[in-house]
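Residue numbers (the working numbering), protein chains in the order written: chain F, 22 to 294; chain R, 22 to 294; chain B, 22 to 294; chain C, 22 to 294. Yeah, the Cβ is synthetic: ideal placement off N, Cα and C, and Gly gets one too. Model, not experiment: these values are computed from the prediction.
There are 4 protein chains.
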Amino acid sequence: MTCHPRRLLASLAIVLATLAIPDGRAAAQAGPDLKALIDDLVAANRILYRQGVVDGFGHVSVRHPDNPNRFLLSAAKAPGRVTAEDIMEFDLDGKAIDGRDRPVYSERFIHAEVYKARADVNAVVHSHSPTVIPFSVTKVPLRPVHNTASFLAPEVPVFEMRNVAGMTNNLVTDSARGKALVEVLGDRPVALLRGHGNVVVGPDVRRTVARAIYTEVNARMLLQAVSLGGPITFIDPEENKLIEAGRGTRVIGHSVDRVWQMWLEEARVEPAR
Amino acid sequence: MTCHPRRLLASLAIVLATLAIPDGRAAAQAGPDLKALIDDLVAANRILYRQGVVDGFGHVSVRHPDNPNRFLLSAAKAPGRVTAEDIMEFDLDGKAIDGRDRPVYSERFIHAEVYKARADVNAVVHSHSPTVIPFSVTKVPLRPVHNTASFLAPEVPVFEMRNVAGMTNNLVTDSARGKALVEVLGDRPVALLRGHGNVVVGPDVRRTVARAIYTEVNARMLLQAVSLGGPITFIDPEENKLIEAGRGTRVIGHSVDRVWQMWLEEARVEPAR
Amino acid sequence: MTCHPRRLLASLAIVLATLAIPDGRAAAQAGPDLKALIDDLVAANRILYRQGVVDGFGHVSVRHPDNPNRFLLSAAKAPGRVTAEDIMEFDLDGKAIDGRDRPVYSERFIHAEVYKARADVNAVVHSHSPTVIPFSVTKVPLRPVHNTASFLAPEVPVFEMRNVAGMTNNLVTDSARGKALVEVLGDRPVALLRGHGNVVVGPDVRRTVARAIYTEVNARMLLQAVSLGGPITFIDPEENKLIEAGRGTRVIGHSVDRVWQMWLEEARVEPAR
Amino acid sequence: MTCHPRRLLASLAIVLATLAIPDGRAAAQAGPDLKALIDDLVAANRILYRQGVVDGFGHVSVRHPDNPNRFLLSAAKAPGRVTAEDIMEFDLDGKAIDGRDRPVYSERFIHAEVYKARADVNAVVHSHSPTVIPFSVTKVPLRPVHNTASFLAPEVPVFEMRNVAGMTNNLVTDSARGKALVEVLGDRPVALLRGHGNVVVGPDVRRTVARAIYTEVNARMLLQAVSLGGPITFIDPEENKLIEAGRGTRVIGHSVDRVWQMWLEEARVEPAR
Numbered sequence: 022m023t024c025h026p027r028r029l030l031a032s033l034a035i036v037l038a039t040l041a042i043p044d045g046r047a048a049a050q051a052g053p054d055l056k057a058l059i060d061d062l063v064a065a066n067r068i069l070y071r072q073g074v075v076d077g078f079g080h081v082s083v084r085h086p087d088n089p090n091r092f093l094l095s096a097a098k099a100p101g102r103v104t105a106e107d108i109m110e111f112d113l114d115g116k117a118i119d120g121r122d123r124p125v126y127s128e129r130f131i132h133a134e135v136y137k138a139r140a141d142v143n144a145v146v147h148s149h150s151p152t153v154i155p156f157s158v159t160k161v162p163l164r165p166v167h168n169t170a171s172f173l174a175p176e177v178p179v180f181e182m183r184n185v186a187g188m189t190n191n192l193v194t195d196s197a198r199g200k201a202l203v204e205v206l207g208d209r210p211v212a213l214l215r216g217h218g219n220v221v222v223g224p225d226v227r228r229t230v231a232r233a234i235y236t237e238v239n240a241r242m243l244l245q246a247v248s249l250g251g252p253i254t255f256i257d258p259e260e261n262k263l264i265e266a267g268r269g270t271r272v273i274g275h276s277v278d279r280v281w282q283m284w285l286e287e288a289r290v291e292p293a294r
Numbered sequence: 022m023t024c025h026p027r028r029l030l031a032s033l034a035i036v037l038a039t040l041a042i043p044d045g046r047a048a049a050q051a052g053p054d055l056k057a058l059i060d061d062l063v064a065a066n067r068i069l070y071r072q073g074v075v076d077g078f079g080h081v082s083v084r085h086p087d088n089p090n091r092f093l094l095s096a097a098k099a100p101g102r103v104t105a106e107d108i109m110e111f112d113l114d115g116k117a118i119d120g121r122d123r124p125v126y127s128e129r130f131i132h133a134e135v136y137k138a139r140a141d142v143n144a145v146v147h148s149h150s151p152t153v154i155p156f157s158v159t160k161v162p163l164r165p166v167h168n169t170a171s172f173l174a175p176e177v178p179v180f181e182m183r184n185v186a187g188m189t190n191n192l193v194t195d196s197a198r199g200k201a202l203v204e205v206l207g208d209r210p211v212a213l214l215r216g217h218g219n220v221v222v223g224p225d226v227r228r229t230v231a232r233a234i235y236t237e238v239n240a241r242m243l244l245q246a247v248s249l250g251g252p253i254t255f256i257d258p259e260e261n262k263l264i265e266a267g268r269g270t271r272v273i274g275h276s277v278d279r280v281w282q283m284w285l286e287e288a289r290v291e292p293a294r
Numbered sequence: 022m023t024c025h026p027r028r029l030l031a032s033l034a035i036v037l038a039t040l041a042i043p044d045g046r047a048a049a050q051a052g053p054d055l056k057a058l059i060d061d062l063v064a065a066n067r068i069l070y071r072q073g074v075v076d077g078f079g080h081v082s083v084r085h086p087d088n089p090n091r092f093l094l095s096a097a098k099a100p101g102r103v104t105a106e107d108i109m110e111f112d113l114d115g116k117a118i119d120g121r122d123r124p125v126y127s128e129r130f131i132h133a134e135v136y137k138a139r140a141d142v143n144a145v146v147h148s149h150s151p152t153v154i155p156f157s158v159t160k161v162p163l164r165p166v167h168n169t170a171s172f173l174a175p176e177v178p179v180f181e182m183r184n185v186a187g188m189t190n191n192l193v194t195d196s197a198r199g200k201a202l203v204e205v206l207g208d209r210p211v212a213l214l215r216g217h218g219n220v221v222v223g224p225d226v227r228r229t230v231a232r233a234i235y236t237e238v239n240a241r242m243l244l245q246a247v248s249l250g251g252p253i254t255f256i257d258p259e260e261n262k263l264i265e266a267g268r269g270t271r272v273i274g275h276s277v278d279r280v281w282q283m284w285l286e287e288a289r290v291e292p293a294r
Numbered sequence: 022m023t024c025h026p027r028r029l030l031a032s033l034a035i036v037l038a039t040l041a042i043p044d045g046r047a048a049a050q051a052g053p054d055l056k057a058l059i060d061d062l063v064a065a066n067r068i069l070y071r072q073g074v075v076d077g078f079g080h081v082s083v084r085h086p087d088n089p090n091r092f093l094l095s096a097a098k099a100p101g102r103v104t105a106e107d108i109m110e111f112d113l114d115g116k117a118i119d120g121r122d123r124p125v126y127s128e129r130f131i132h133a134e135v136y137k138a139r140a141d142v143n144a145v146v147h148s149h150s151p152t153v154i155p156f157s158v159t160k161v162p163l164r165p166v167h168n169t170a171s172f173l174a175p176e177v178p179v180f181e182m183r184n185v186a187g188m189t190n191n192l193v194t195d196s197a198r199g200k201a202l203v204e205v206l207g208d209r210p211v212a213l214l215r216g217h218g219n220v221v222v223g224p225d226v227r228r229t230v231a232r233a234i235y236t237e238v239n240a241r242m243l244l245q246a247v248s249l250g251g252p253i254t255f256i257d258p259e260e261n262k263l264i265e266a267g268r269g270t271r272v273i274g275h276s277v278d279r280v281w282q283m284w285l286e287e288a289r290v291e292p293a294r
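Following this line, the structure appears as structure tokens:
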């Protein structure tokens, strides 16, 4: 065993940092709803990773239940590694509240601008959902071929960065680009970003995660249908209206609740990708 | 043959352990057949999930061995999470016997109407089998290209909800829709539901699960064959007759028994999807 | 605890069977080479299952090292579940030596007829290798696009059962059908069976397993190349001659040895398919 | 901040444990940088295997930090099995320093010739990245469709062995073939080898591994885009310039660091392929 002045100082630093960590009771004073929401947000990160919608990149946020001008988003970290301690609070200009020098996602402006423009939205997912990318770089529109993706009806708009900012790094790294993306999104649940990924929005985090997953699943089914050739029958907007009506339910065992329980269990399994 | 003191002791241990095993009759006052059937039904749920035929949605049932006007189906739950305690009994109007306020699958009418119309059927699977969906929304018929899916010969009919009920939520949520689906199914083992999934039926649960799995496998092979271009050689209905003749066997090691054992073991493995 | 006459008899049977099992030394008297070969054969079964070449169906054999008119093949069982105790011996008419009523593969005639016709072959794999099936039912020949599958040059012949036996169950269930298949195989390493699978042969079990795996891998690459459209550059038979020359080596770390070690480790991992 | 007796004890424990950790200098007489680099190189092997870029074949090297005319590469072994003890040193003629009769990769000349020609390169990956193979045997160029693969802009050159050495075993098994490959690579990050695989180079091992992985991911997306038909929008070289500018950062939580941490964790999981 060696004794090193620098090492002793590092150890002392550890001790002091440990004593400085909030003991959890501070965060709980915000109320049990906030804690439950943060747990759901962490779960959402893990689920999206486990389901292959996000990999090392991508992020998911929720609007703050107590203040519509704030949202909760993890510090910059791969979604599969996010824990409750990583969740940070931001304002709608993308500025971190109590940042404490933690790294932040450079594309947090996607979330900020959606929450500004969409009062109906309380959760946002940004991902590099792999099978939607081909639809973002070709002229074939992403349209729903399965009940579970009916919310995509009639079709998904594509945001092209070059239209608003010319040649860039193709990332939504400021409010202006975020606003432009949100304009293309309009009042819809999903928009693609050319050569980049998608943004998926919804009224709560569980339904938004379901939308993100079924958008990916639907993209795969549509890709296969296109390869078969010939006319394709899409889910009609009329059908979507009636299908969506049954989705708001939080009744145990039905719709989003049924799959959320399953995805939660799958996420606790060792990730096998 | 060798005689070994240690071996004799081991054998004695086996004998004693065997005598100590609960004989199962306590749980089987409904009869050992019913308990074994429920175990198979639970296994079927887990297997179909593990094999990627069902995900959070989908369900499998068996006709009640003691009453042809009843069937067994889980309470509404993702198939991968179903246990023996979840299995409920229903009549052929889809009404739960002893429901005890447990949530029920809204599409139990698929099962009910099949059992009404098909005296030859004792098991039913409804799934969103992913690779069959493209065949349900295009004009390319799902036909068998592999021995294991010969039962699909000559081709699989597609049920279009709009033909019977106009614009709906595209779910089989009542007897009338169930009857319409069963009419399209006719005397065949599989029918597709446009933009939704399929129904697979058979004389017992193990063969029906095999049919559901091999329908999905065959869909993938046919998709690939179509992408190669040119004429395709399908399994002929004549060949199917001869292949099916060898499928009824319950002889150990053959046909359905061989794969069922393997699928059972795979389902006990931590689900890696 | 209950006491049951039938149960006691069953336990006694277990005791007697246990005492009757060869204690391993009997089998070892055939020499350490045979034991090592049986271990490799069991490993081959597990590897082919783990790599997705076989699923519940399919089998692999080796020619008996001490008698060229015999071969070793498992009793009828899913390959992923085969153990050393399952390995049986057969003559070239497909008759089991010391069968002891164990179930046997109905298609053992594939192996028997190959060993009859091909003095250069000491291992045979029959599988439903999924991605080769599309090539067996279309007019697109399976040809090598990658170094590791160079042995497929110039192209793989397809056996059509209807040409030799009209409408059948499309299984090689007797010597006559086996002979017809072997005639199509000729002196090549692989032949497809239309709508069924393939047969892969080689000078030893490790190289034959490698051939079976890389045939599947190559089929996937070729399928993708065909979907890109346009002319395809295949591995030339001249290149194959030079590549094959380097494959016979058993030098540690090279060629087949390198991948065999890796496949062995992967097969010991919990199967995640 | 709260003060808790138990917390103080835990902190003390941390201090004592920290002091007890071996300081690594014993193994690092070559310097702590070399040990850290070797650890990264071993991790790179495991990560590339876990991500499906390499299987039993393929290898990754780094230029020696203390001598630009030397590089570090594992002894011949499947990448998923490489450990720190396998790492060997080579000169730029592909000759092993202190070989000790360990088997060496026959294609080490790929690495040697890249280091000779490219002063900007400090890491090299050679793989049989499966989805790039179709692009190596057809006339469809591999071009970037996603931000993460922008470095492929404008397109990836293909090395054809027959152009330099006629019919061969299609392996880069000497300096002359290595030089010819490097000439085709030019100043680019990736080149394909027809019917064989690719070579991926970069300024450090973490970025090079990321390039190798995202080349494979991009190939899959492009394959799907091509199957959709019609014009495709590629990442423009101008966009790549701006995207690459953000990649050099080693800032915690961003870019390569974020995904490297995730890939490291995935590689420690039991390989599920």
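Query, Result
"List the whole-angstrom C-beta distance separating F/A233 from F/V221, where the pair is believed to meet the contact cut-off of C-beta under 8 angstroms.", "4 angstroms"
"Does the beta-carbon of C/G101 have 16 or more other beta-carbons within 10 angstroms, so that it is buried, or is it exposed?", "buried"
"Does the distance from the C-beta atom of R/G199 to that of R/F130 stay below 8 angstroms?", "yes"
"Taking 8 angstroms as the threshold (C-beta atoms), are F/R215 and C/T295 in contact?", "Nothing about residue 295 of chain C can be read from this structure; chain C reaches only from 22 to 294."
"Between C/G251 and chain B, is there a C-beta pair that is closer than 8 angstroms?", "no"
"Please name the residue, chosen from F/K56, F/V83, F/S127, F/H85, that lies closest to C/G267 on a Cα-to-Cα basis.", "F/S127"
"Could you check how far apart the C-beta atoms of B/I264 and C/N190 are, in whole angstroms? I think they sit under 8 angstroms.", "5 angstroms"
"Tell me which residues share the same chain as C/E134 and place their Cβ nearer than 6 angstroms to its Cβ, disregarding the 5 neighbours each side in the sequence.", "G199, K200, V203"
"Tell me which same chain residues have a C-beta within less than 6 angstroms of the C-beta of R/G115, skipping the five on either side of it?", "R129, F130, A133"
"Assign C/V247 to one of three DSSP states: helix, strand, or coil.", "helix"
"Return the CA-CA distance between C/D278 and C/P224, expressed in angstroms with no decimal places.", "15 angstroms"
"What are the boundary residues of the alpha helix (DSSP H) that R/S82 is part of?", "No alpha helix (DSSP H) contains R/S82, which is instead part of the beta strand (DSSP E) from 80 to 84."
"Under a three-way DSSP split, which group does F/G199 fall into?", "helix"
"Going by DSSP in three states, F/R46 sits in which element: helix, strand or coil?", "Residue confidence for F/R46 is low, a pLDDT of 32 falling below 50, so the modelled location carries little weight and cannot support an answer."
"Measuring CB to CB, does R/S148 end up less than 8 angstroms from R/V75?", "yes"
"With C-beta atoms as the reference, is C/V161 less than 8 angstroms away from C/V81?", "no"
"If we count the other Cβ atoms within 10 Å of its Cβ and call it buried at 16 or more, is F/P210 buried or exposed?", "buried"
"The stretch 151 to 162 of chain R: which residues have C-beta closer than 9 angstroms to a C-beta of chain F, in chain order?", "P151, T152, I154, P155, F156, S157, V158, T159, K160, V161"
"For R/P86, tell me which candidate among R/P178, R/T194, R/L62 has the shortest Cα-Cα distance.", "R/L62"
"Starting from F/D112, follow its DSSP beta bridges and name the residues at the other end.", "F/R91"
"Taking the beta carbon of F/P89 as the centre, do at least 16 other beta carbons fall within 10 Å, making it buried, or is it exposed?", "exposed"
"Comparing C-alpha positions only, which one of B/D257, B/T152, B/N184, B/L58 sits nearest to R/V238?", "B/T152"
"Can you have a look at R/T159 and say buried or exposed, based on whether 16 or more other CB atoms are within 10 angstroms of its CB?", "buried"
"Which one or two residues does DSSP pair with C/S148 in a beta bridge?", "C/N219"
"DSSP three-state label for B/L263, please.", "helix"
"Bridge partners of F/V103, per DSSP?", "Paired residue(s): none; F/V103 is not in a bridge."
"Suppose you measure from the CA of R/V142 to the CA of R/R84; what does that come to, to the nearest Å?", "8 angstroms"
"Are the C-beta atoms of F/K116 and some chain C residue less than 8 angstroms apart?", "no"
"Look at the alpha carbon of B/T194 and the alpha carbon of B/A186, and state the distance between them as a whole number of angstroms.", "12 angstroms"
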